[in-house]
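Peer 1:
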Amino acid sequence: MVVFVLLPVQRSLAAHPQTADTVFNQVDAKGQRHGFWRRFYRNGQAAYIAQFEHGKPVGITLRYDEQGRKEAEIRHRKGTDYATVIFYSDKGEVIARGLYYKQQKDSVWSYYGAGGRLVGKESWRKGKRDGARDFYSDAGVLAERQMWKDGKLHGRQTLYFENGKPRAFWDMAAGEPAGQMVALYPNGLPRLKGQYVNGKREGEWTFWTPSGKLESTTTYEKGVVVGGVERQGDSIMNLLLQNAGRIAEPATNAERPF
7 MVVFVLLPVQ
17 RSLAAHPQTA
27 DTVFNQVDAK
37 GQRHGFWRRF
47 YRNGQAAYIA
57 QFEHGKPVGI
67 TLRYDEQGRK
77 EAEIRHRKGT
87 DYATVIFYSD
97 KGEVIARGLY
107 YKQQKDSVWS
117 YYGAGGRLVG
127 KESWRKGKRD
137 GARDFYSDAG
147 VLAERQMWKD
157 GKLHGRQTLY
167 FENGKPRAFW
177 DMAAGEPAGQ
187 MVALYPNGLP
197 RLKGQYVNGK
207 REGEWTFWTP
217 SGKLESTTTY
227 EKGVVVGGVE
237 RQGDSIMNLL
247 LQNAGRIAEP
257 ATNAERPF
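In case it helps, my numbering puts the sequence shown at residues 7 to 264.
(1) Does the distance from the CB of Tyr117 to the CB of Ala102 come in under 7 Å?
(2) Rounded to a whole number of angstroms, what is the C-alpha to C-alpha distance between Gly65 and Glu208?
(3) In the DSSP assignment, the beta strand (DSSP E) including Gln152 goes from what residue to what residue?
(4) Which full runs of the beta strand (DSSP E) of 3+ residues lie inside the segment 134 to 199, going along the chain?
(5) Using the C-alpha atoms, what's the distance from Trp211 back to Val231?
(6) How should Glu128 be labelled, buried or exposed, when 16 other C-beta atoms within 10 angstroms of its C-beta is the threshold for buried?
(7) Below 8 Å CB to CB, which residues in the same chain sit around His40 once its five sequence neighbours on both sides are set aside?
(8) Please return the same chain residues whose Cβ sits closer than 6 Å to the Cβ of Ala223, not counting the five positions on each side in sequence.
(9) Only counting the same chain, and skipping five residues up and downstream in sequence, which positions put a Cβ closer than 8 Å to that of Asn49?
(10) Would you decide whether Leu195 is buried or exposed? Buried here means 16 or more other CB atoms lie within 10 Å of its CB.
(11) At which residue ranges does the segment 81 to 107 contain complete beta strand (DSSP E) runs of 3 or more residues, listed in the order of the chain?
(12) In whole angstroms, give me the CA-to-CA distance for Lys228 and Pro172.
(13) Report the three-state DSSP secondary structure of Ala35 (helix, strand or coil).
(14) What do you get for Pro63, buried or exposed, if any count of 16 or more other CB atoms within 10 angstroms of its CB means buried?
(15) Find the nearest neighbour of Tyr70 within the set Gly85, Gln186, Gln51 and Thr86, judged by alpha-carbon distance.
(16) Give every residue of the same chain whose Cβ lies closer than 8 Å to the Cβ of Ala257, excluding the five residues on either side of it in the sequence, and list them in chain order.
(17) Looking at the unbroken beta strand (DSSP E) that takes in Thr215, where does it start and where does it end?
(18) If you follow the beta strand (DSSP E) that Gly233 is in, where does it begin and where does it stop?
(19) With distances taken between CB atoms, is the gap from Ala184 to Tyr202 smaller than 7 Å?
(20) Could you compute how far the alpha carbon of Lys76 sits from the alpha carbon of Leu68?
(21) What does the alpha-carbon distance come out to for the pair Arg81 and Ala56?
(22) In whole angstroms, give me the CA-to-CA distance for Lys111 and Gly200.
(23) Check whether the Cβ atoms of Lys134 and Gly104 sit closer than 7 Å, and answer yes or no.
(24) Pull up the CB-CB distance for Asp136 and Trp154, whole angstroms please, since I reckon it's below 8 Å.
(25) Below 8 Å CB to CB, which residues in the same chain sit around Gly170 once its five sequence neighbours on both sides are set aside?
(26) List the residues that DSSP assigns as beta-bridge partners of Lys206.
Written out as structure tokens, the structure is:
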């Protein structure tokens, strides 16, 4: 829990030019935050320190966890509604960086694993995913590319093998599967082909051997099997859909600007 407490300024907050006479947690005549603000956890550790001009954050906002480790650094761009943001792990490594617009994610955000390895990048527009969202393997190879529009999966979605060749691709429309879906073998030959209509399987779904020989066919109407047998191996596409898109984003209080 975070509480209001007036305590001496910690040395770790020296990014702000306070003095011994600095007054904190003040508001202007309209009741808006003005000047330097800070909050503390019950154990006395600083939760955040920030600066405001008549309710609008300016300068640098710093956030800390209850152990005093820096979680986030937000640098507000003077005269704009934009701010650059960096999130840190409990070991002090950068785990994410990007841009805020009016305290919402905007533009390109990048995510990092141990040792600074890039694990993902995604595009945002005023708080909603919009554009490409990429995931990378441990070797740094593109493993998946999602396409988003206005906060929903929309457009061509693609999974890749470690050698960079497509593993599967399908289309989405406003968050639901729509259109062609194809899964491939490492040699590039099709493993299965099918169609989605309004989020449900429709028509013939064909299954192939690694040598390119047609193995079986299943026919669907509005997601229900009406011809052939639904194969156990057909679960590959369900698994691909369920497991697609796994960027580990910071799950800390630092996600809140203040």
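The beta carbon of each residue, even a glycine, is placed where N, CA and C say it ideally should be.
Peer 2: Inspection of the coordinates gives the following:
(1) Contact flag set, yes.
(2) 55 Å
(3) Leu148 to Lys155
(4) 134 to 142, 148 to 155, 161 to 166, 172 to 179 and 182 to 190
(5) 10 Å
(6) buried
(7) Gln32, Val33, Asp34, Phe58, Glu59, His60 and Gly61
(8) Per the sequence shown, the amino acid found at residue 223 is Thr instead of Ala. So the qualifying residues of the chain are Glu210, Thr212 and Gly234.
(9) Glu72
(10) exposed
(11) 88 to 94 and 100 to 107
(12) One C-alpha to the other measures close to 28 Å.
(13) Look at Ala35 here: in three-state DSSP terms it is coil, with no helix or strand label.
(14) buried
(15) Gln51
(16) Reliability fails at Ala257, whose pLDDT of 48 lies under 50, so the model's placement of it is uncertain and the value that follows must be treated cautiously. The answer is none, since no qualifying residue turns up.
(17) Thr215 -> no beta strand (DSSP E), and no H or E assigned at all.
(18) Val230 to Gly233
(19) yes
(20) Approximately 7 Å, taken between the alpha carbons.
(21) Taken atom to atom, the span from the alpha-carbon of Arg81 to that of Ala56 is near 10 Å.
(22) 36 Å
(23) no
(24) Sure, about 6 Å apart at Cβ, within 8 Å.
(25) Val147 and Leu148
(26) Val203
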